[in-house]
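S.K.:
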């Protein structure tokens, strides 16, 4: 077993989570409008896909690229791959930003559908919001634990 997995399994799992998220977004492109609907993108986006518009595909590719970048950053922090060519002090803050994005999205998804009566929010079911929010909170939890562990193991990164 590589030492990175032993020394920081949370960041390895976090990176895998981000890559799975990226793959799920790419599957939507391949699956078409029905997959966008099933994954919770909303009816407006699904109709744009059906109409052959490029915006949903470009947006989905952009999200996938971000998630892949986040996965690489987690793997880099775990030592599973070489350090990414970032200035040294940016690794840990970058991981904390990713952690915050996942956790904020997770918490917001539990609160927004209950408090906000906007069509962009209400077009998705509570089951979608709460399931996707739980997933984001779990992903964020792995990033949080792994980043905290990285700071303890390598204080010069903070």
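Residue numbers (the working numbering): 1 to 158.
In this text, a Cβ means the ideal position worked out from N, Cα and C, and glycines have one as well.
Report yes if the CB atom of residue 28 is closer than 8 Å to the CB atom of residue 139, and no otherwise.
M.R.: no
S.K.: Determine the DSSP secondary structure at residue 55, reduced to helix, strand or coil.
M.R.: Assignment of residue 55 by DSSP, reduced to helix, strand and coil, places it in the helix class.
S.K.: Please work out which residues of its chain come closer than 7 Å, Cβ to Cβ, to residue 149, disregarding the five sequence neighbours upstream and downstream, and give them in chain order.
M.R.: These residues qualify, in order along the chain: 8 and 10.
S.K.: Which residues in the same chain have their Cβ closer than 8 Å to the Cβ of residue 99, if we skip the five residues on either side of it in sequence?
M.R.: 140, 143, 144 and 147
S.K.: With a threshold of 8 Å on Cβ separation, who are the neighbours of residue 43 within its own chain once the five nearest residues in sequence on each side are excluded?
M.R.: 37 and 123
S.K.: Use the C-beta contact count for residue 113: other C-beta atoms within 10 angstroms, 16 or more gives buried, fewer gives exposed.
M.R.: Burial call: buried.
S.K.: Is it buried or exposed, residue 127, if we count other Cβ atoms within 10 angstroms and call 16 or more buried?
M.R.: exposed
S.K.: So, for residue 64: in the same chain, excluding its five sequence neighbours on each side, which residues have a beta-carbon less than 6 Å away from its beta-carbon?
M.R.: For residue 64, where only same-chain residues beyond five positions count, the Cβ hits under 6 Å are 22, 25 and 26.
S.K.: From residue 56 to residue 70, what does the alpha carbon distance come to, in whole angstroms?
M.R.: 21 Å
S.K.: Rank 31, 81, 132 and 115 by C-alpha distance to the C-alpha of residue 102 and give the top, closest one.
M.R.: 132
S.K.: At which residue ranges does the stretch 27-92 contain complete alpha helix (DSSP H) runs of 4 or more residues, listed in the order of the chain?
M.R.: 33-38, 43-50 and 55-78
S.K.: Assign residue 12 to one of three DSSP states: helix, strand, or coil.
M.R.: helix
S.K.: Mapping the DSSP letters down to three states, classify residue 145 as helix, strand or coil.
M.R.: helix
S.K.: DSSP on residue 118, reduced to helix/strand/coil?
M.R.: coil
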